[in-house]
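Enquirer: Here it is, the structure in full.
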Amino acid sequence: MISNAYSYDLTVLHAGAKQAIDVLITALAVPGANILLPRPGYPAYEAIATFNRLEMRHYDLLPEQD
């Protein structure tokens, strides 16, 4: 039998990456706080941040290639 280093009690399954990101941000979000988002980035980040009333701050992934 293969040893499992993960606890099943701490494992959560999601329908996809978007749902997992949504659950994570919603669980940690405090309305009015800010969130640092990459630019370019995953489009769902901004929608989720807006829904949770977070102030968005962006950073460029490759600033030397503007």
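According to full-length UniProt numbering, the sequence shown holds residues 1 to 66 in order.
Here a beta-carbon is modelled for each residue, glycine too, at the ideal position from N, C-alpha and C.
These numbers come from a predicted model, not from an experiment.
#1: How many angstroms separate the CA atom of A33 from the CA atom of R39?
#2: Going by Cα to Cα distance, which pick from D9, T50, S7 is closest to V30?
#3: Could you round the C-beta distance between A44 and I21 to whole angstroms and report it? I think they count as a contact, below 8 Å.
#4: Between which two residues does the alpha helix (DSSP H) carrying Y6 extend?
#5: Counting C-beta neighbours from all protein chains within 10 Å, is the total for L54 16 or more, i.e. buried, or is it exposed?
Expert: Taking the geometry as given:
#1: C-alpha separation (whole angstroms): 19 Å.
#2: Cα-wise, what sits closest to V30 is T50.
#3: The beta-carbon separation of A44 and I21, rounded to 6 Å, stays under the 8 Å limit for a contact.
#4: No alpha helix (DSSP H) contains Y6, which DSSP labels as neither H nor E.
#5: Here L54 is buried. Its C-beta has 16 or more other C-beta atoms within 10 Å.
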